[in-house]
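Here the structure comes first, spelled out in structure tokens, and everything after it is commentary.
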Amino acid sequence: MISKSLDKAIELLKNEEVIGMPTETVYGLAGNAYSERAIQSIFQLKKRPYTNPLIVHIGNIKQLKELSDEIPQKAEMLAAKFWPGPLTILLKKSTKVGALVTAGQETVAIRMPNHPLALDLLNQLEFPLVAPSANPYQSISPTSAKHVDRYFGNQAVFTLDGGESTNGLESTIVGFEEEEVIVYRLGAIPLEELERIVGRVRLNEVNQNGIVSPGMAPKHYAPKTPLIFTDSLSKRIQQLDTNNVAIICFDKLPKVNNFEDSIIYSFQGHLGNAAKRLYGLLHELDDRNLDCILIEKFPNHGLGRTINDRLKRAAVTN
Ligand code: AMP
Ligand code: MG
48 MISKSLDKAI ELLKNEEVIG MPTETVYGLA GNAYSERAIQ SIFQLKKRPY TNPLIVHIGN
108 IKQLKELSDE IPQKAEMLAA KFWPGPLTIL LKKSTKVGAL VTAGQETVAI RMPNHPLALD
168 LLNQLEFPLV APSANPYQSI SPTSAKHVDR YFGNQAVFTL DGGESTNGLE STIVGFEEEE
228 VIVYRLGAIP LEELERIVGR VRLNEVNQNG IVSPGMAPKH YAPKTPLIFT DSLSKRIQQL
288 DTNNVAIICF DKLPKVNNFE DSIIYSFQGH LGNAAKRLYG LLHELDDRNL DCILIEKFPN
348 HGLGRTINDR LKRAAVTN
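Now the structure itself:
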């Protein structure tokens, strides 16, 4: 069920229920971060393995101190610059944070979302919210209340409607080792922007405990329709044996003889727009019974790098 009632959302969360929550990255499946019952429901609804930890969402800096007693200086600098916003910070957890939230790890992932309704909600509660993306494990993340409702509406999940997510890609996840900033997941804040604040960062898909950040797993974010991700679109089109396809390009349309009946879509060279629209477009195309979705590699910088990362994982078919 989709609704704009903040009061109802608050009531449900206080009763340890789970709701769909808007954020600027993607919609989350939110529950009380201190309630084992709510957390269990999230794992069950998503069919998420317990080895995949959850991000804790806060509405103000006071809540941060509850979750961690050790905040490195670079974490403070990044939070000051990017919060509220699409940056998730890994910190040593306090005793208030349960083992289910962190998958038994000593670090907890924390973020302050930049969405007016989400902030309003968080600031009217006396507890933070865990909110992984509101999609079944490994499928495309939701960027609208409608997407969440399609995934979980039949399981009586209430979704708070906060419009379309303005960023459209998951948060960037960073952690700290000694003085170094490590990026565990590429996301809505490009590496270049982080480096402007804290200097050189290191990209690493494996954390201190040797665990791959689950958002970096080879298969993730995938539509049901086979997705072909290519850096030579024109050549790959010639090899297709069907024209019941969608062709997605970053900028200029390729020559497409015999593909007049296909869906052809261009982001017109605009990375921010591509980030915002990408998941919504994949949701729409997934409903059309296409034989495949062919999508061109993006320029590999800024948000283009994050988009390429997601598409690479979405294109794995087994
Ligand atoms: P989602 O909210 O579904 O986009 O997924 C959250 C992602 O945050 C997971 O895939 C993990 O990679 C990452 N994450 C959350 N908590 C931790 C943690 N304590 N240590 C490392 N990664 C984490
Ligand atoms: Mg996710």
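The sequence shown begins at 48 in the numbering used here and counts up by one. Note that beta-carbon positions come from the ideal geometry of N, C-alpha and C, so glycine has one too. Model, not experiment: these values are computed from the prediction.
With a Cβ-Cβ cutoff of 7 Å, do E71 and S212 count as a contact? yes
By the 10 Å Cβ neighbour count, where 16 or more other Cβ atoms means buried, how is L350 classified, buried or exposed? buried
So, using beta-carbon positions, are S122 and I105 closer together than 7 Å? Note that residue 122 is Ala in the sequence shown here, rather than Ser. No, Cβ-Cβ distance for A122 and I105 is not below 7 Å.
How is the beta strand (DSSP E) around G106 delimited, first residue to last? Run containing G106: none; DSSP gives neither H nor E here.
On the DSSP bridge assignment, give the partners of A156 in chain order. I102, L137
So, do the segment 178-195 and the segment 107-126 have three or more beta carbon pairs nearer to each other than 8 Å? no
Which residues mark the beginning and the end of the beta strand (DSSP E) in which T277 is found? Where T277 is concerned, the enclosing beta strand (DSSP E) stretches over 274-277.
Between the Cα of N336 and the Cα atoms of P273, A146, N170, which residue gives the shortest distance? Ranked by how close their Cα comes to the Cα of N336, the residues P273, A146, N170 have P273 in first place.
Range of the contiguous alpha helix (DSSP H) that encloses T70: Segment: none, T70 is in no alpha helix (DSSP H) and carries neither H nor E.
If you run the structure through DSSP and keep just helix, strand and coil, what is A126? helix
Proximity of I187 and Y268 at Cβ, strictly below 7 Å: Closer than 7 Å, so yes.
Could you check where the alpha helix (DSSP H) with G351 kicks off and where it finishes? 350-361
Would the beta-carbon of S180 be found less than 6 Å away from any heavy atom of the ligand MG? yes
For Q87, which residues of its own chain have a beta-carbon under 8 Å away from its beta-carbon, when the five flanking residues on both sides are left out? L147
What does the alpha-carbon distance come out to for the pair V221 and D308? 44 Å
Rounded to the nearest angstrom, what separates I49 and Q286 at their Cα positions? 43 Å
Would you call Y81 buried or exposed, if buried means 16 or more other Cβ atoms sit within 10 Å of its Cβ? By the Cβ-count criterion, Y81 is buried, with 16 or more other Cβ atoms from all chains shown falling within 10 Å of its own Cβ.
Measuring straight from C-alpha to C-alpha, what distance separates P160 and T190? 14 Å
Cβ-Cβ distance between V65 and I102 below 7 Å: No. Outside cutoff.
Assuming the contact rule is C-beta atoms closer than 8 Å, K323 and G215 should be a hit. Round their C-beta distance to whole Å, please. With a Cβ gap of about 4 Å, K323 and G215 count as contacting.
How should E153 be labelled, buried or exposed, when 16 other C-beta atoms within 10 angstroms of its C-beta is the threshold for buried? exposed
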